[in-house]
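Okay, so the sequence shown: first residue is 862 according to the numbering used here, each after it adds one.
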Amino acid sequence: MGDSFLSVLPFIGFVVMYLMNSYLTDYIRSHGILSTLFTRRLIYVVGSIVSTACMVSIGYAGCDWQIVIALLTIGLSFSSLIFAQLGPALVETAPNFIGLIYSIGNTFSNLAGIVAPATVTYFTSENEFSIDNWQKVFNMAAFFYASSTICFFVAFRNKPLHWAVNTRDSSLIDQYDSIETLS
862 MGDSFLSVLP FIGFVVMYLM NSYLTDYIRS HGILSTLFTR RLIYVVGSIV STACMVSIGY
922 AGCDWQIVIA LLTIGLSFSS LIFAQLGPAL VETAPNFIGL IYSIGNTFSN LAGIVAPATV
982 TYFTSENEFS IDNWQKVFNM AAFFYASSTI CFFVAFRNKP LHWAVNTRDS SLIDQYDSIE
1042 TLS
């Protein structure tokens, strides 16, 4: 196997799992197996727990590259469950302000791309080959996965927030109430 295939393998897993998740979520909701709220929370939590476990495990995999690639692939694949639930959740929560909210969210998530290299440099500057230093990096990533899951689980409601809906047109709120009643 070439390095290029190994490099793209986690992203192939992400796309495949993302598409499978879409069908699974639609099936669960359309057949009334679980409510929309519970489905979104459950799938988000499963994706986060598996991704978090993989991040922590990578720190203990040592120099066994096959295990690291497998854990990265599994972790990134399951993180797609988080993204697949987050987008619709934002639309359901603030449909009239989705552009603004999504851009604010993207701003903060892109800040991680700036802060992450500096953080890795901070932890690995003395010895970049130290497994202990890399465990700190992966444990920090796991912490952010876990904390975002707690925030999503506590804060997410799949109904529009009162400030996000035009109060003169309550049909949107009625529409979400009827959807939740059916599922």
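C-beta atoms are modelled at their ideal positions from N, C-alpha and C, and glycine is treated no differently.
Per the Cβ contact rule, the segment 901–916 is not in contact with the segment 972–985 (fewer than 3 Cβ pairs under 8 Å). Annotation: the continuous alpha helix (DSSP H) that includes W995 extends over I992 to A1016.
Each residue's CA atom was taken as its position, placing A1002 and M916 some 7 Å apart. The C-beta of V876 has fewer than 16 other C-beta atoms within 10 Å across all chains shown, which makes the residue exposed.
Sorting S883, F990, I935 and K997 by C-alpha distance to the C-alpha of V869 places I935 at the top. For the options D864, S896, S1008 and R902, the alpha carbon positioned closest to that of L942 is the one of R902.
Rounded to the nearest angstrom, the gap between the Cα atoms of N988 and D887 is 48 Å. Here DSSP, grouped into helix, strand and coil, assigns G893 to coil. Under the three-state reduction of DSSP output, S883 falls in the helix class.
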